[in-house]
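*Asks:* Protein chains in written order, with this note's numbering: chain A, 796 to 1229; chain B, 111 to 700.
In structure tokens, the structure reads:
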């Protein structure tokens, strides 16, 4: 097949190029950039903005080294991703090229990366718990199959360690690792951890390192999620690890600015919410097929930053990591009510009671700073708070089964309170206090 | 509008969901058009018409397209329809689940598990037969909004109306009582110009033209929502409007679901606008197995859902709220009490922001369009009570303020536009005090409801006082607080813990009806009015406070148990008695 070519680029900017006139490219279709003379392939690019006067492209490999004479060859199809079971155990870049130095893969099929919305009627209401062995998650914010949930953490927190700890016990057929803007040591860490836990053979890694071309980072979730979806459509339970979506959002911000879009908050485009939602909403338990669970990482300076703020409205809760502890106060699993009613009869009540006491304890802690927590009960609360942080909010360590974790909760309450002070019912107190 | 020649245009610019097309001849502002991309027909709406700088004979039309435009090219054909964005109104609306443009989702799922651009299905089942009973005869005079007959729709009597834009007409023919589908002719009417019009069970209505009221009235009858803090402190009436803002995680969704399940209304319409798909799915899959609190039927029989969820095309988000409003107005006109839950109006506003940004409009605060407050007001104004029909449309919109900051433009405009305001508080949510409606941060335009305005204010005053004392305790310590203030604090704490907080996942506690509210109010008022004397003779103040706390802890534990166990009238009556005992016991114990 002879492909149409364009011979003159009129504008080369950061990550974007334009040509004059309308060469007949369709929206979101892919073109290949070739070095003038040698015809050596330099990069692929995608048409993002088309008018009768000019056409603009996002260049996957960046624009360094491109000239006005670089040739554009049209492929007349939107971006697809290769799919094959042979991808398991291998590493790829943001657009699905082999990136581990290993042999090329012969793909079974090419799949669309458009991420069409799943018809809501074929979604199942999620009802299957995913146990992690982390009491803070299993007791207080139970994770559910097909949930989409990020870890919110400051940039120096061990969020990747937590992510990999959750992945280790993962009850999943396939793990898709999608890393955007990673440092090399982070990528290496995940690879090591996945190997050590014996999960590497069911893992596909898509990695974009900090400093790689921005457009490849921007495309990465779409490629990784399309591959995830194909596995799920084939009946597999897929766990997607998406880190770090703040990096991704920052690329989105950069590219929007290159495109002269009007920024809304802190320079992010007004479409930030929709763009994040489009990716996270891929998580689903599909009727008659498999499922996709997404656990992400969102680094933040403040919870009010646009990225965590928009993310919180999209995802089904968040795990909040602070000072190495998984904090109860700001963590939330929105799906927990689907699964924590049929566990042990004290599960929900003790969760509520301990949370409520901890909130009181936080108030007492603030009061103590000004010397106002001088009554007996405040003192109890302060001791409880310390105990809770040390024994419940610690996410790293030996996994604990749910029942043992619940017993541990009672032990903590017993150490500090009288039964009536807990707000728990007489019936439960009778059953578990002694 | 009745152009027989198809008016067309050609695309000259494509950017995300915004396109421009060159046309010759005429284009109508706000009309819909089909953009033909790769053989598929995608729905679009005209936003703006401008001159063509390159061609004086032509014009340029700017449009938003409601579906993904991948593969669109310059020169692709645009066909103008002459019709504004509209919704099909008729029997079969209830129990339906659509996308934001009234495509039925279950029908689309038969074609593909994914929502692929260009997919369409009829908005209402056009095969289903309805038992039509005429209520007018040949020669009768009718006008827009009049009933010409009825069909049973579930438990409701669905009135077949003359479309609202008709003036005085005469019935020329009407069918006998028979079973017909929505495509069949049921009557012919003749207008004053002697033009004949066929009427069917269903007709289309433009979503941006509000369906009129017969006789608009001030909302006055309180809705029993089942949520105690709302029904006691911030009630809403049939036909009222409420804004419900809250940061993420504060419990907006759970509250919406509670209202869906327990609010007493004939019809609940849910506009899932730009929110999580999973939540809408929970409603139509799990709630279908729950009982309607007023009829005992499946809850879905009183519902319809517009699901333009967060990953669906943004342009259709704006449409979804207007479509839902129009369906609500239609049933109000039939005399039913309709509650519309729009989740979330912020996503709707963001859709407008994305669009105006692409159009290059000068942005207002936080890049929202300058006129966003007016647009929000206009939307809420479509709710209301109608004495003429006996129906009402109540609009409860959630707001998702960026950063949880209530000062942002959409929250502010909503506060201005609505009668009620249920502000959800992050602090209460963090303390798992649900529902996290802060009793001190809300407004309501309803006065006497299930309890008297005086009782309500006393309750509020106590909560307010307790909150003040709480702050004193945290700043100067409990020791400095006098015993009687501490007792007041404990009273407030008890009202908060046992009445304001409610377990939405407990079968009995999740919903409190007026008769139970009255009992609770009696108990609360007794507690507030009591002057419990704790002046022990040989006890230190600190010991007294510990005793006070222990006694109130016990009371709270008892009351919480009552919330989840007392069912019969006799069991309920125990609560005020218990409070009396509690007061006496404290008086004599010391």
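C-beta atoms are modelled at their ideal positions from N, C-alpha and C, and glycine is treated no differently.
#1: Could you name the residues that DSSP lists as bridge partners for residue 846(A)?
#2: Anything in chain A within Cβ reach of residue 180(B), meaning under 7 Å, just list it in chain order.
#3: Quick one: what's got a C-beta closer than 8 Å to residue 1232(A)'s C-beta in the same chain, skipping five residues either side?
#4: Please confirm if residue 1109(A) has its CB atom under 8 Å from at least one CB of chain B.
#5: With 8 Å set as the bound, which would you pick, yes or no: does the beta-carbon of residue 413(B) sit closer than that to a beta-carbon of chain A?
#6: Go ahead and label residue 611(B) buried or exposed: buried means 16 or more other beta carbons lie within 10 angstroms of its beta carbon, across all protein chains shown.
#7: Whose CA, out of 824(A), 839(A) and 863(A), lies closest to the CA of residue 814(A)?
#8: Would you kindly check if the distance between the Cβ of residue 236(B) and the Cβ of residue 291(B) is under 8 Å?
#9: Just how far apart, CA to CA, sit residue 482(B) and residue 1140(A)?
#10: Give the secondary structure of residue 430(B) by DSSP, where H, G and I count as helix, E and B as strand, and everything else as coil.
#11: If the cut is a Cβ gap below 8 Å, which residues of chain B does residue 1125(A) touch?
#12: Hey, would you say residue 1040(A) sits closer than 8 Å to residue 1093(A), going by beta carbons?
#13: Would you mind reading off the limits of the alpha helix (DSSP H) that contains residue 751(A)?
#14: Could you give the residue range of the alpha helix (DSSP H) that holds residue 654(B)?
#15: What residue range does the alpha helix (DSSP H) around residue 457(B) cover?
#16: How many angstroms separate the CA atom of residue 113(B) from the CA atom of residue 192(B)?
#17: Cβ closer than 8 Å: which chain B residues qualify as neighbours of residue 1161(A)?
#18: Identify the contact partners of residue 124(B) in chain A, using a Cβ-Cβ distance below 7 Å as the criterion.
#19: Considering just the uninterrupted stretch of the beta strand (DSSP E) at residue 869(A), what are its terminal residues?
#20: Kindly list, in the order they appear in chain B, the residues whose Cβ is closer than 9 Å to that of residue 1016(A).
#21: Looking at C-alpha atoms only, which residue of 387(B), 386(B) and 370(B) is the closest neighbour of residue 411(B)?
#22: So is the beta-carbon of residue 1201(A) under 7 Å away from any non-hydrogen atom of the ligand SAM?
#23: Please go through the same chain and pick out, in chain order, the residues whose beta-carbon is closer than 6 Å to the beta-carbon of residue 1209(A), but skip the five residues on each side of it.
#24: Nearest-angstrom Cα distance between residue 873(A) and residue 490(B)?
#25: Using a 10 Å radius around the Cβ and a threshold of 16 neighbouring Cβ atoms, would you call residue 1026(A) buried or exposed?
#26: Quick one: what's got a C-beta closer than 7 Å to residue 699(B)'s C-beta in the same chain, skipping five residues either side?
#27: At what residues does the alpha helix (DSSP H) containing residue 1035(A) begin and finish?
#28: Would you mind reading off the limits of the beta strand (DSSP E) that contains residue 314(B)?
#29: Quick one: Cα of residue 1136(A) to Cα of residue 607(B), how far?
#30: Identify the continuous beta strand (DSSP E) that holds residue 378(B) and give its terminal residues.
#31: Out of 618(B), 623(B), 572(B) and 615(B), which one is the CA nearest neighbour of residue 600(B)?
#32: What residues match up with residue 251(B) in a beta bridge as DSSP calls it?
#33: Residues in its own chain within less than 8 Å of residue 137(B) by CB, not counting five upstream and five downstream?
#34: Kindly give me the distance between the Cβ atoms of residue 459(B) and residue 424(B), rounded to whole angstroms, as I take these residues to be in contact under 8 Å.
#35: Could you name the residues of the stretch 1035 to 1059 of chain A whose beta carbon sits closer than 8 Å to any beta carbon of chain B, in the order they occur along the chain?
#36: Would you give the residue range spanned by the alpha helix (DSSP H) that residue 137(B) belongs to?
*Replies:* From the atom records:
#1: Per the DSSP secondary-structure output, residue 846(A) pairs in a beta bridge with 123(B).
#2: Here the neighbours are 822, 823, 873 and 909.
#3: With chain A represented from 796 up to 1229, any question about residue 1232(A) goes unanswered, as that position is not in the structure.
#4: Judged by the 8 Å Cβ criterion, residue 1109(A) is in contact with chain B.
#5: No, because no Cβ of chain A sits closer than 8 Å to the Cβ of residue 413(B).
#6: Residue 611(B) should be labelled buried.
#7: Comparing Cα-Cα distances from residue 814(A) to each of 824(A), 839(A) and 863(A), the minimum goes to 863(A).
#8: Between residue 291(B) and residue 236(B), the C-beta gap is smaller than 8 Å, which places the two residues in contact.
#9: Looking at the backbone, the Cα of residue 482(B) and that of residue 1140(A) are separated by about 49 Å.
#10: Judged by DSSP in its simplified three-state form, residue 430(B) adopts helix.
#11: Near residue 1125(A) (Cβ distances below 8 Å), the residues of chain B are 359 and 540.
#12: Yes.
#13: Shown here, chain A extends from 796 to 1229; a query on residue 751(A) therefore has no answer.
#14: Counting along the chain, the alpha helix (DSSP H) containing residue 654(B) begins and ends at 651 to 675.
#15: Annotation: the continuous alpha helix (DSSP H) that includes residue 457(B) extends over 455 to 469.
#16: In this predicted model, residue 113(B) has a pLDDT of only 47, less than 50, meaning its place in the structure is not dependable; the value taken from the coordinates is given anyway. Looking at the two C-alpha atoms, the distance is approximately 8 Å.
#17: By Cβ distance, chain B contributes 584.
#18: Those within 7 Å of residue 124(B) in chain A are 822 and 845.
#19: Here the beta strand (DSSP E) through residue 869(A) covers 866 to 873.
#20: Per Cβ cutoff of 9 Å: no residues; residue 1016(A) is ~13 Å from chain B at best.
#21: Out of 387(B), 386(B) and 370(B), 370(B) has the C-alpha closest to the C-alpha of residue 411(B).
#22: In the structure on display, the ligand SAM does not appear, and there are no ligands present to speak of.
#23: Hits under 6 Å: none found.
#24: Spanning the two alpha carbons is a distance of roughly 42 Å.
#25: Label assigned to residue 1026(A): buried.
#26: Interpretation of residue 699(B) is limited by its pLDDT of 46, a score under 50 that renders its predicted location unreliable; the figure taken from the coordinates is listed afterwards. Around residue 699(B): no qualifying Cβ.
#27: Looking at the DSSP string, residue 1035(A) is not in any alpha helix (DSSP H); the run it does join, the beta strand (DSSP E), is 1032 to 1038.
#28: In this chain, the beta strand (DSSP E) harbouring residue 314(B) covers 313 to 316.
#29: Their backbone Cα atoms lie some 22 Å apart in a straight line.
#30: Taken as a continuous stretch (DSSP letters only), the beta strand (DSSP E) holding residue 378(B) covers 377 to 383.
#31: If we check each option's Cα against that of residue 600(B), 572(B) comes out closest.
#32: Partner(s): 280(B).
#33: For residue 137(B), where only same-chain residues beyond five positions count, the Cβ hits under 8 Å are 117, 119, 156, 159, 169, 171 and 190.
#34: That pair is no contact at about 12 Å.
#35: Against chain B - using a Cβ distance shorter than 8 Å - the residues of the stretch 1035 to 1059 of chain A are 1056, 1057, 1058 and 1059.
#36: It is not in any alpha helix (DSSP H) - residue 137(B) carries neither H nor E in the DSSP assignment.
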